[in-house]
Amino acid sequence: MEITRRVLVNVDRCIDCKACFVACFDGHHGEPIIHHAPGPYGFPILCRQCEEPTCVAACPYGAMERDPHGVVLRRLPMCRACWSCVPACPFGAIDAAMVERRVAKCDLCEDRVLAGGRPRCVAACPAGALEFVEVAEADLEQRGLFVIAGRTLGKDLWRRR
Amino acid sequence: MQTGVIGHCSFCSLCCPMTAEHWWAAHYWSAPETEEAGRHGLCARGGSLFSLLENPARARGGVLRREEQQTRLYGEAVVHAFQRLVEEAGRSGRMAVLLDGNLPCEDLVAAHEWAKARGDAVAAVYLPAGDFDLLDGLSAGEAVVRGAHPTGEAVVRGAHPTGEVTVRVAQPAECGAMLIVGDALSTHPALARPLLDAKYARPGRPILVMDTFASRTMRFADLALTVEPGGQEALLGALRRALAGETSAIAHVAALGHTDTKLVERALGRLASAAKPLVVVSPEPTKAEDWRGIGAAAAQLAADTFGSVLPLYSYGNALGAYRVHRNLGMPRFESLLSMRDPDWSLLVFVGWDPTLTFPVELLRPLHRRFPRIVALSPVETPAWRAADLAAAMPLLLEYSGHVVRRRKRSRASLALLLMAGVCRVRDFFDAGGAELPTAWRETPAPAPRVAPAASTAASRGFCLLAASSTLHFSDGALTRQAAATQHLSGEDALRISPAAARRLNLREGQRVSIRRDGLELSLACELDAALPAELAVAPLHRPEVRRFLPWRLDASGPRLSCVAPAVQIFPLAEEGAA
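Here you go:
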């Protein structure tokens, strides 16, 4: 069964409380696998679980792969921390610090989602800034900022302010 | 499965309900893994508070603050400043530095390390006793909470995913405008959903935010007013006058809020035309000394504009100081009160001095023991009166985990001003502050100890102290404790010594009448062998006790203080017989 829902970040609602980070930290045995955009008004940057992930194509060791459920995972034993995936991700969702420490990337809380739940970060958000929803191609333009990548979103955020 | 609300989150005054699930009456279902947020369903702040119950070790974990380089710079600056102060004192002997617990953790750590290395100095941290007691009580109470349930486990969860809060928010979706005082979305994350829902349901609704720093809440504002600490009340007053049509007040608002006059004019125009404005007031009582005045000014503004007020007062940021105290063994300032070393030479207050929080009587030993006293604080405080050298200087303080940086000058306030060298006292004091005594004065003679007033019936005369219990904030009406932890605090009773009870022919649990100047208060009594015979201690968080006490305004501002009054105690049975 492929997971078709995705985590969308509505930065206009994010209060930067880092509840998502803490929930992720707790749920993944103390390993933070999402990170925040720097700056005074931070927001979480999450993996988009691309259909054709460039990080998988860029990994020379085969450590990145897209599993049958559509979730892009990093296999830790095979990772050599070469940082190839860091510039390959167009959304800035893989942080260099995460690779250096060889921390697993966002797995969309596969264990909970396959059991019918929501990812931990979505459940923990008090402001409703994180949504776990079906995203159709047609919705992408309509949702505008919601699905723009972290880096682009960051620039746009500053421009709009 | 049954689900019921068994208590409320005590972290902020929104009081999110916490529910418990159980199959049978005595069988609590414990499965934190199945809880969606994994944080008891509470927001980040409430979850962190409750996690102290779950895992007290978290309070003793690492201190995570600013990046390493800044830490080093600040530490050096603090050490340098203290070194210079010792030289200024010009005397040998022991020195004590009392640091406000709201100072950044790095400063506390640096002062502690400096004192340890020096050997003849003590650095101690002070916070309102209730802050320490609360955290101590929560840490110690974990075993009691677990032991209270038959299975040793319980699930307590909040209700924020549903957006439900106990305190009714005054229909933010219906209000025409919002004025937020303080960093409401950070201090009360559960409020974020209803407020943001209201904002995006009607984007034209104006939102004004005022705070002492560029807070996260300001991100959502149409007009952000960055006010100097302590200036909120004046700004609210200026807003009132501006909304009443006084055109000159607009420039005053812009000046106080450090923004442009045209922006203020435009925002006030929208605010004045809005129906039912909502004023959200969320200063932290442990930080904003004038929080009562801010609340009163906000209420007046709401009354003038036919709006409503949502008062939110929350627990502050004592956790950083608590961690330093527990991790590094940095002493609490109260330990200095019992020290008997005769060779103290200098006492330095840094930040808000304890006179604002602690009963004056308790602090007198400090003033008697130290021949020289230095007080450094952002504004004039009562400690200045007894100080040999007192000065206003900008200080970095932590508000809700943020380091407050005022405008350009104070961005580098403590660190760079001190690192520049404290060769001359006037160089590192803020020239824009109050009139500064820059020369050493002779130590004033210690004030005579104020004894309780003579009682007409000496055998019934007591000195009444009011104290917070471990799980209550200083004002129980504003923040409440979770029902799950209520049994930890015991019954609210008047504590007296066994000798006094024998003298009055009282037994434990008997109700007594406490009388003072025509006022009367009734409480059950509890025997406490640790108390002196002439002392009675009442629970401060009880509203009737607070009404009974003789509060008065401090000379330094609108903060209330209370000296222990002389009271008489009568057993109620004896009164009936009479």
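Residue numbers (the working numbering), protein chains in the order written: chain Y, 1 to 161; chain H, 1001 to 1578. For glycine and all other residues, C-beta sits at the position ideal for the given N, C-alpha and C. From a predicted model like this one, the values you see are computed outputs, not experimental measurements.
Quick one: grab the DSSP three-state call for Met1218 of chain H.
-> For the purposes of this step, residue 1218 of chain H is taken as the residue at position 218 of the second sequence. Reduced to three states, the DSSP call for Met1218 of chain H is helix.
Cβ of Ile3 of chain Y less than 9 Å from any chain H Cβ?
-> To locate residue 3 of chain Y, count along the first sequence from 1; it is residue 3. With 9 Å as the cut-off, Ile3 of chain Y does not count as an interface residue toward chain H.
With C-beta atoms as the reference, is Leu46 of chain Y less than 9 Å away from Glu131 of chain Y?
-> Within the first sequence, the letter at position 46 stands for residue 46 of chain Y. Within the first sequence, the letter at position 131 stands for residue 131 of chain Y. It is not a contact, given that the beta carbons lie outside the stated cut-off.
Under 9 Å between C-beta atoms of Arg6 of chain Y and Glu134 of chain Y | For the purposes of this step, residue 6 of chain Y is identified with residue 6 of the first sequence, where counting begins at 1. For the purposes of this step, residue 134 of chain Y is identified with residue 134 of the first sequence, where counting begins at 1. Contact: yes.
Among residues of its own chain, excluding the 5 on either side of Met1210 of chain H, which ones have a beta-carbon nearer than 7 Å to its beta-carbon?
-> Here residue 1210 of chain H corresponds to residue number 210 of the second sequence, with the count starting at 1. Closer than 7 Å at Cβ, skipping near neighbours: Val1181, Leu1225, Val1227, Gln1232, Leu1235 and Gly1257.
To which residues does DSSP link Met1 of chain Y through a beta bridge?
-> Position 1 of the first sequence, counted from the first residue, corresponds to residue 1 of chain Y. Per DSSP, none; premise fails for Met1 of chain Y.
Contact list for Ala1192 of chain H against chain Y, beta-carbon separation under 7 Å | Taking the first residue of the second sequence as position 1, residue 1192 of chain H is located at position 192. Chain-ordered, the chain Y residues with CB closer than 7 Å to the CB of Ala1192 of chain H read Ile15, Pro126 and Ala127.
Got a sec: is the Cβ-Cβ distance from Ala19 of chain Y to anything in chain H below 9 Å?
-> Stepping through the first sequence from its first residue, residue 19 of chain Y is reached at position 19. Yes - at least one Cβ of chain H is within 9 Å of the one on Ala19 of chain Y.
Euclidean distance between Cα positions of Glu1508 of chain H and Asp1517 of chain H | Taking the second sequence and counting its residues from 1, the one referred to as residue 1508 of chain H is at position 508. Taking the second sequence and counting its residues from 1, the one referred to as residue 1517 of chain H is at position 517. Their Cα atoms are separated by approximately 26 Å.
9 Å Cβ cutoff, Asp95 of chain Y in contact with chain H = Reading the first sequence from its first residue, position 95 is the one you call residue 95 of chain Y. No, Asp95 of chain Y lies away from the interface with chain H (no Cβ there is under 9 Å from its Cβ).
Could you check if Ser1186 of chain H is buried or exposed, using at least 16 other CB atoms within 10 Å of its CB as the buried criterion?
-> Along the second sequence, one-based indexing puts residue 1186 of chain H at 186. Buried, since its Cβ has 16 or more Cβ neighbours within 10 Å.
Residue ranges of each beta strand (DSSP E) within the stretch 1244-1280 of chain H, 3 or longer = none
Length of the line joining the Cα atoms of Leu1506 of chain H and Pro1571 of chain H = Within the second sequence, residue 1506 of chain H is the residue found at index 506, counting from 1. Within the second sequence, residue 1571 of chain H is the residue found at index 571, counting from 1. If you take the alpha carbons of Leu1506 of chain H and Pro1571 of chain H, they lie about 7 Å apart.
Going by DSSP, which residues form a beta bridge with Asp12 of chain Y?
-> Your numbering for residue 12 of chain Y matches position 12 in the first sequence. According to DSSP, which records beta bridges pairwise, Asp12 of chain Y is partnered with nothing at all.
In angstroms with no decimal places, state the Cα-to-Cα distance between Val72 of chain Y and Cys89 of chain Y.
-> Locating residue 72 of chain Y in the first sequence gives position 72, counting from the first residue. Locating residue 89 of chain Y in the first sequence gives position 89, counting from the first residue. Answer to the nearest angstrom: the Cα atoms are 12 Å apart.
Please check the pair Asp1260 of chain H and Ala1254 of chain H, which I expect to be a contact at CB under 8 Å, by giving their CB distance rounded to whole angstroms.
-> Sequence index remark: in the second sequence, residue 1260 of chain H carries index 260 (1-based). Sequence index remark: in the second sequence, residue 1254 of chain H carries index 254 (1-based). Indeed they touch by this definition, with Cβ atoms about 6 Å apart.
Look at the Cβ atom of Ala1529 of chain H, then the Cβ atom of Pro1498 of chain H, and state whether they are nearer than 9 Å.
-> Indexing the second sequence from 1 puts residue 1529 of chain H at position 529. Indexing the second sequence from 1 puts residue 1498 of chain H at position 498. Yes, they are a contact pair.
Given Ala57 of chain Y as reference, the closest of Y:Arg74, Y:Phe43, Y:Pro68 and Y:Pro44 once Cα atoms are compared = Position 57 of the first sequence holds residue 57 of chain Y. Selected option, being the one with the closest Cα: Y:Arg74.
Check Ile34 of chain Y in the structure and name its three-state DSSP category.
-> In the first sequence, counting from the first residue as 1, residue 34 of chain Y sits at position 34. In this structure, Ile34 of chain Y counts as coil in the three-state DSSP scheme.
Is the CB of Asp12 of chain Y under 9 Å away from at least one CB in chain H?
-> On the first sequence, position 12 is the one that residue 12 of chain Y refers to. Yes, because at least one Cβ of chain H sits closer than 9 Å to the Cβ of Asp12 of chain Y.
Rank H:Arg1202, H:Gly1351 and H:Pro1189 by C-alpha distance to the C-alpha of Ala129 of chain Y and give the top, closest one.
-> Working through the first sequence from its first residue, we reach residue 129 of chain Y at position 129. Of the listed residues, the one whose Cα sits closest to Ala129 of chain Y is H:Pro1189.
Got a sec, what are the start and stop residues for the alpha helix (DSSP H) Thr1187 of chain H sits in?
-> As a working note, residue 1187 of chain H is residue 187 in the second sequence. Per DSSP, Thr1187 of chain H belongs to the alpha helix (DSSP H) from Ala1184 to Thr1187.
Excluding the 5 residues preceding and the 5 following Ala1184 of chain H in the sequence, name in chain order all residues of the same chain whose CB lies nearer than 7 Å to its CB.
-> As a first step, residue 1184 of chain H is located in the second sequence; it is residue number 184 there, counting from the start. Leu1191, Thr1217, Val1280, Ser1282 and Leu1312.
Applying the criterion that 16 or more other CB atoms from any shown protein chain within 10 Å of the CB defines a buried residue, is Lys1199 of chain H buried or exposed?
-> Locating residue 1199 of chain H in the second sequence gives position 199, where the first residue counts as 1. The residue is buried, with at least 16 neighbouring Cβ atoms inside 10 Å.
CB Ala1124 of chain H to CB Leu1098 of chain H, shorter than 9 Å?
-> Indexing the second sequence from 1 puts residue 1124 of chain H at position 124. Indexing the second sequence from 1 puts residue 1098 of chain H at position 98. Result yes, Cβ atoms of Ala1124 of chain H and Leu1098 of chain H sit closer than 9 Å.
Leaving out five residues on either side along the sequence, give the residues of the same chain with a beta carbon under 7 Å from the beta carbon of Gly1093 of chain H.
-> Position 93 of the second sequence, counted from the first residue, corresponds to residue 1093 of chain H. Contacts found: Asp1343, Trp1344 and Ser1345.
Can you pull the chain Y residues whose beta carbon is under 9 Å from the beta carbon of Arg1186 of chain H, in chain order?
-> Along the second sequence, one-based indexing puts residue 1186 of chain H at 186. Before going on, a small fix: residue 1186 of chain H reads as Ser here, not Arg. Result: Ile15, Asp16 and Cys17.
According to DSSP, residues forming a beta bridge with Met1178 of chain H = Here the question's residue 1178 of chain H lines up with position 178 in the second sequence. Paired residues: H:Ile1207 and H:Leu1278.
Of all Cβ atoms in chain Y, is any one closer than 9 Å to the Cβ of Arg1219 of chain H?
-> Within the second sequence, numbered from 1, the residue matching residue 1219 of chain H stands at position 219. Chain Y, which has a Cβ nearer than 9 Å to the Cβ of Arg1219 of chain H, makes this yes.
Of all Cβ atoms in chain Y, is any one closer than 9 Å to the Cβ of Leu1225 of chain H?
-> Locating residue 1225 of chain H in the second sequence gives position 225, where the first residue counts as 1. Output row for Leu1225 of chain H: interface = no.
Taking DSSP as the reference, what is the three-state secondary structure of Cys109 of chain Y?
-> Position 109 of the first sequence, counting from 1, holds the residue named residue 109 of chain Y. It is coil, neither helix nor strand.
Proximal residues of chain Y, C-beta to C-beta of Leu1278 of chain H below 9 Å | Within the second sequence, residue 1278 of chain H is the residue found at index 278, counting from 1. Going along chain Y, no residue has its Cβ under 9 Å from Leu1278 of chain H, so there is no contact; the nearest lies around 18 Å.
So what's Gly1293 of chain H in DSSP terms, helix, strand or just coil?
-> In the second sequence, the residue the question calls residue 1293 of chain H occupies position 293. Of the three classes helix, strand and coil, the one that applies to Gly1293 of chain H here is helix, per DSSP.
At a Cβ threshold of 9 Å, is Leu1310 of chain H touching chain A?
-> The structure shown has no chain A; the protein chains it does contain are Y and H.
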